[in-house]
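Heads up, the thing below is written out as structure tokens.
Protein chains: 4
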Amino acid sequence: MFISWSTNLLMPRPKNTDERREQIIDGLLKVMSSKGYEGATVHDIARAAKLSPGLVHYHFGNKREVLEGLMERLLDGHFAALDAAMAQAGNAALARLDAFIDQHLATGATANPHTLSAWVVLGAEAVTSKVVRARYAEGLAGLQERLVAVIADGQRRGELKGPPPDEAAAGILAAIEGFYVVAATARPLIPRGSAAATLRAMARGMLEPKRRS
Amino acid sequence: MFISWSTNLLMPRPKNTDERREQIIDGLLKVMSSKGYEGATVHDIARAAKLSPGLVHYHFGNKREVLEGLMERLLDGHFAALDAAMAQAGNAALARLDAFIDQHLATGATANPHTLSAWVVLGAEAVTSKVVRARYAEGLAGLQERLVAVIADGQRRGELKGPPPDEAAAGILAAIEGFYVVAATARPLIPRGSAAATLRAMARGMLEPKRRS
Amino acid sequence: MFISWSTNLLMPRPKNTDERREQIIDGLLKVMSSKGYEGATVHDIARAAKLSPGLVHYHFGNKREVLEGLMERLLDGHFAALDAAMAQAGNAALARLDAFIDQHLATGATANPHTLSAWVVLGAEAVTSKVVRARYAEGLAGLQERLVAVIADGQRRGELKGPPPDEAAAGILAAIEGFYVVAATARPLIPRGSAAATLRAMARGMLEPKRRS
Amino acid sequence: MFISWSTNLLMPRPKNTDERREQIIDGLLKVMSSKGYEGATVHDIARAAKLSPGLVHYHFGNKREVLEGLMERLLDGHFAALDAAMAQAGNAALARLDAFIDQHLATGATANPHTLSAWVVLGAEAVTSKVVRARYAEGLAGLQERLVAVIADGQRRGELKGPPPDEAAAGILAAIEGFYVVAATARPLIPRGSAAATLRAMARGMLEPKRRS
DNA sequence: GATGAATGAGGCTTCATTCAT
DNA sequence: TATGAATGAAGCCTCATTCAT
Chain A
559 MFISWSTNLL MPRPKNTDER REQIIDGLLK VMSSKGYEGA TVHDIARAAK
609 LSPGLVHYHF GNKREVLEGL MERLLDGHFA ALDAAMAQAG NAALARLDAF
659 IDQHLATGAT ANPHTLSAWV VLGAEAVTSK VVRARYAEGL AGLQERLVAV
709 IADGQRRGEL KGPPPDEAAA GILAAIEGFY VVAATARPLI PRGSAAATLR
759 AMARGMLEPK RRS
Chain B
559 MFISWSTNLL MPRPKNTDER REQIIDGLLK VMSSKGYEGA TVHDIARAAK
609 LSPGLVHYHF GNKREVLEGL MERLLDGHFA ALDAAMAQAG NAALARLDAF
659 IDQHLATGAT ANPHTLSAWV VLGAEAVTSK VVRARYAEGL AGLQERLVAV
709 IADGQRRGEL KGPPPDEAAA GILAAIEGFY VVAATARPLI PRGSAAATLR
759 AMARGMLEPK RRS
Chain C
559 MFISWSTNLL MPRPKNTDER REQIIDGLLK VMSSKGYEGA TVHDIARAAK
609 LSPGLVHYHF GNKREVLEGL MERLLDGHFA ALDAAMAQAG NAALARLDAF
659 IDQHLATGAT ANPHTLSAWV VLGAEAVTSK VVRARYAEGL AGLQERLVAV
709 IADGQRRGEL KGPPPDEAAA GILAAIEGFY VVAATARPLI PRGSAAATLR
759 AMARGMLEPK RRS
Chain D
559 MFISWSTNLL MPRPKNTDER REQIIDGLLK VMSSKGYEGA TVHDIARAAK
609 LSPGLVHYHF GNKREVLEGL MERLLDGHFA ALDAAMAQAG NAALARLDAF
659 IDQHLATGAT ANPHTLSAWV VLGAEAVTSK VVRARYAEGL AGLQERLVAV
709 IADGQRRGEL KGPPPDEAAA GILAAIEGFY VVAATARPLI PRGSAAATLR
759 AMARGMLEPK RRS
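Rendered as structure tokens:
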């Protein structure tokens, strides 16, 4: 793999830009979860990435682009995992809904505390910055879209009832985002391990046809 | 303008500290909703408050104290309004729950977009800053406490069923906070005016005893 | 003068922006003549002005604005002195021409070596920067205009002959600017004190009606 | 591309240093005319030369040496062309003078706008940098020397009159340099194509014996 | 010779905070 | 109390230069 180029004495150092960019984004992720975006200096980021400070600006035009790169990565990774999980869940609306909720609150997203904090910080940055907001909103829209599909499908097939799909989806989405905020700022308020189950209960209660007694 | 009292050198300058502090806090509120906390310079704050920059540090030890003052004011105002609304709601658990939800998502909090954005920004600041986090968590805890009281009461009296009160409360709280985040960053995802109704449906679905058919 | 305000205890520190701006511009003038514009750091400028570095950006938006302020001052001062000198010279075209030349090469401009060097540096900066070039060209145009007026007038009245006024003016202007460059870079090439006399000879030779023998 | 020789590991890489140096100097020439010397980054230079940045420091010790190389080339080229032109002009003082002026203002130097701007920038750099100033002054001295020779010769032979040769030469030299400055910063002030003729008129006026009527 | 990644010093600029009036 | 000038630390970014390949 790197033998291939080293045999040719003329071929200069191979490009490793992508790798470095990932390292730097990782650095920001780590620092941002404890210091926020503004609080994360370029030196901090470089140190966390075990790189020299100048290199950050060699691979990114400016600090903000690192943030955008981070968003990209978080979203890409998240959607990949999400779609995989939902594909495994089968066709039943409730199962798919559970998979969606679990993917957000049980399995993956909450696992890495860096990611959790970073996402909350990103939300605030989205309030402030047009570019970040656009991408952030796009991410939320992607989630919303998947939820709407599941709910609309379930309602069409009679598996689900309740409010219009977009309203129900917004509620579920909000609860997920809200759990992130609370988890990142006041974790003890969420009884350990209860988030996914609680949201499943809320979603079911809103969408499940009433069982007779 | 200030000649009026100064002509009498014996008459002490009337104190207006509280008023000024409020002005300054207001200034931060306005600026923060569009620039975030770090992005709000003391000059910005002063300008928004129609005061001179030096005054900010005359009335506050430093910029962070203004933020803390803002939190205090948001929380105080919010709890006052909330408790008043719930007092009006009577004793029935569902009615109190509805009042709680409406107070957060229908009536007040979402009305002022400055407040909405500021609250989301504050959440991110809470991730970063110990002091802010403490007060922010305290605020969330106050809400959680009221929700738990309502739910536990309702369950004891048989008006409600469902998961343990603290878990249910956490879910409702999360949904509220999440609606704030979504409203501040991707408003179109929430069908206009649907937030409160949707959360009421989710809460009822989780907590209301099943009606037989 | 500053008693007036100090009697009123309410009147805060009087504005001194203009004075400070002049100080800073002076600082740049001094430093620029030995280090050029890029080479003059903001610290250098502040030190030369005996001010703190931060103050430079309190009174100017950025370093370039100081340069523009400097241009403004050099040009304003120069035109004021020039117009005064020419007014004193009377109406005869040759006398006015001599006054023009002397003002540039004998009396004033060459006196302060800071100004001389700075003007040459500014010329190069004009090559590079649109804003500087615009103002620099405007300054040259002002000189050219005055020269053209003198020459055209003299030719109309028969006191002068020679090429079209704008061409003759351009030649004289060029010679002046060129003397500045040579003086700032290779002074020994100009026999001491000869510049004005030489240019007068050149101008006369070009414009004076031939004397018969 | 470079495989051709590398296949034979024994064949040494053919040297192309001189060519590369010229390329790099050319790069600086191009960039400097629009960005100045400090403003021309090594990357800019390399890009303009269609080379990689690292190569610049392989062929030059540092950026300043490229500037010195550029001066050398400009001067060498200029003197070669100048001496050729003057050799063609014959022996008459006025003819040689005209050739000198034309070579600077009509034929060559003003043709390439890169060269023109670069020369003005170099003049400013000469104000600042000892090394550049030395070489720049040397260049001017070379011109002055040739002018003095022509004028002194002409005066000795009665073809010319006027001020001492060194003073007259300084005036002509200044006018040339000044035309460069004006051309590079405020070209419209020079009626198209008039520079050489105007300076010839000035020089003649100063040096030509008066013709009787 | 060639490439382009890597380094780190240093510059411009911002801004919280202090201070003279 | 009030003003706005003043300070200086610190951050982002640029860029000449070096280095691994």
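Sequences listed follow chains A, B, C and D, in order.
In terms of the working numbering, the first sequence has 736 at position 178, counting the first letter as 1, and numbering is strictly consecutive.
In terms of the working numbering, the second sequence has 646 at position 88, counting the first letter as 1, and numbering is strictly consecutive.
In terms of the working numbering, the third sequence has 613 at position 55, counting the first letter as 1, and numbering is strictly consecutive.
In terms of the working numbering, the fourth sequence has 718 at position 160, counting the first letter as 1, and numbering is strictly consecutive.
For every residue, glycine included, the Cβ atom is placed at its ideal position computed from N, Cα and C.
Cβ-based neighbour list, residue i, same chain, cut-off 7 Å, excluding 5 preceding and 5 following
i        : result
C:GLY594 : VAL679
C:ARG758 : ASP656, ILE659
D:LEU663 : ILE734, PHE737, ALA753, ALA754, LEU757
A:LYS588 : ALA606, HIS672
C:LYS621 : VAL600
A:HIS617 : THR575, ARG578, ARG579, ILE582
A:ARG631 : ILE583
C:ARG714 : none
C:MET772 : The question about residue 772 of chain C has no answer here: the residues shown for chain C are numbered 559 through 771.
C:ILE561 : Note on C:ILE561: pLDDT 36, under 50, position unreliable in the model; the coordinate value appears next. So the list is empty, once near-sequence residues are dropped.
B:ALA604 : GLY585, SER610, PRO611, LEU613, VAL614
B:LYS573 : none
Residue i versus the options, residue with shortest Cα-Cα distance
i        : options                                : result
D:ALA726 : D:MET629, D:ALA695, D:THR686, D:ALA707 : D:ALA707
D:ASP602 : D:ARG715, D:ILE583, D:HIS617           : D:ILE583
A:GLU580 : A:THR665, A:PRO767, A:LYS768, A:VAL614 : A:VAL614
C:PRO722 : D:ARG750, D:LYS719, D:ALA728, D:VAL739 : D:ARG750
B:GLN702 : B:LEU640, B:ALA598, B:ALA645           : B:LEU640
C:ASP724 : C:LEU628, C:ARG704, C:GLU630           : C:ARG704
A:LEU633 : A:GLU596, A:ALA651, A:GLY681           : A:GLY681
B:ASN649 : B:LYS573, B:ILE709, B:PRO746, B:LEU586 : B:ILE709
C:LYS608 : C:LEU586, C:TYR694, C:GLU766           : C:LEU586
A:SER687 : A:GLU623, A:VAL739, A:PRO746           : A:GLU623
D:HIS636 : D:PRO611, D:GLY619, D:ALA604, D:ASN670 : D:ASN670
A:PRO746 : B:PRO611, B:GLY700, B:ALA645, B:GLY612 : B:GLY700
9 Å Cβ cutoff met for residue i and residue j
i        : j        : result
D:GLU626 : D:VAL685 : no
A:ARG762 : A:GLY712 : no
D:ARG691 : C:ALA744 : yes
D:MET590 : D:ALA647 : no
B:GLU717 : B:ALA638 : no
B:GLU596 : A:GLY597 : yes
Contact set for residue i: own chain, Cβ-Cβ below 8 Å, skip 5 residues either direction
i        : result
D:THR565 : Residue confidence is low: D:THR565 scores 46 on pLDDT, short of 50, so the model does not pin down where it sits. Its coordinate-derived value is still stated next. Cβ within range, chain order: n/a, list empty.
A:LEU698 : LEU731, GLU735
A:ALA741 : THR668, LEU674, ILE748, ALA753
B:MET764 : GLY720, PRO721, ALA726, GLY729
C:PRO570 : With a pLDDT of 49 at C:PRO570, under the threshold of 50, the modelled position of that residue is not reliable, and the figure given next carries that caveat. Nothing meets the Cβ criterion.
B:MET629 : LEU680, VAL690, ARG693, TYR694, GLY697
B:SER592 : SER675
Residues that residue i contacts on chain B, provided the C-beta gap is smaller than 8 Å
i        : result
A:LYS593 : THR686
A:LEU698 : VAL740, THR743, ALA744, LEU747
A:GLY597 : GLU596, THR686
Partners in chain B for residue i, counting only beta-carbon separations shorter than 7 Å
i        : result
A:MET764 : ALA759, MET760, GLY763
A:ILE734 : GLY736
A:GLY729 : ALA733, THR756, LEU757, MET760
Own chain, CB closer than 6 Å to residue i, minus 5 neighbours either side, in chain order
i        : result
C:LYS768 : none
D:ALA643 : ALA657, GLN661
Residue i: contacting residues in chain D (beta-carbon distance under 8 Å)
i        : result
C:PHE658 : Neighbours of C:PHE658 on chain D: none; closest Cβ ~15 Å, over 8 Å.
C:VAL679 : ALA682, VAL685, THR686
Beta-carbon neighbours of residue i, restricted to chain A and to distances below 8 Å
i        : result
B:ILE709 : Residues of chain A passing the Cβ test: none, with the nearest at roughly 12 Å.
Partners in chain C for residue i, counting only beta-carbon separations shorter than 7 Å
i        : result
D:ARG691 : THR743
Proximal chain D residues relative to residue i, where beta-carbon distance stays under 9 Å
i        : result
C:ASP634 : Here the premise fails: no neighbours, minimum Cβ distance about 18 Å.
Interface partners of residue i on chain A, CB under 7 Å
i        : result
B:PRO721 : THR756, ALA759
Where residue i meets chain D, residues with beta-carbon distance less than 7 Å
i        : result
C:ASP724 : PRO749
Chain-ordered neighbours of residue i on chain B, where CB pairs are closer than 9 Å
i        : result
A:SER610 : Near A:SER610 there are no residues of chain B at all, since even the closest Cβ is about 25 Å away, more than 9 Å.
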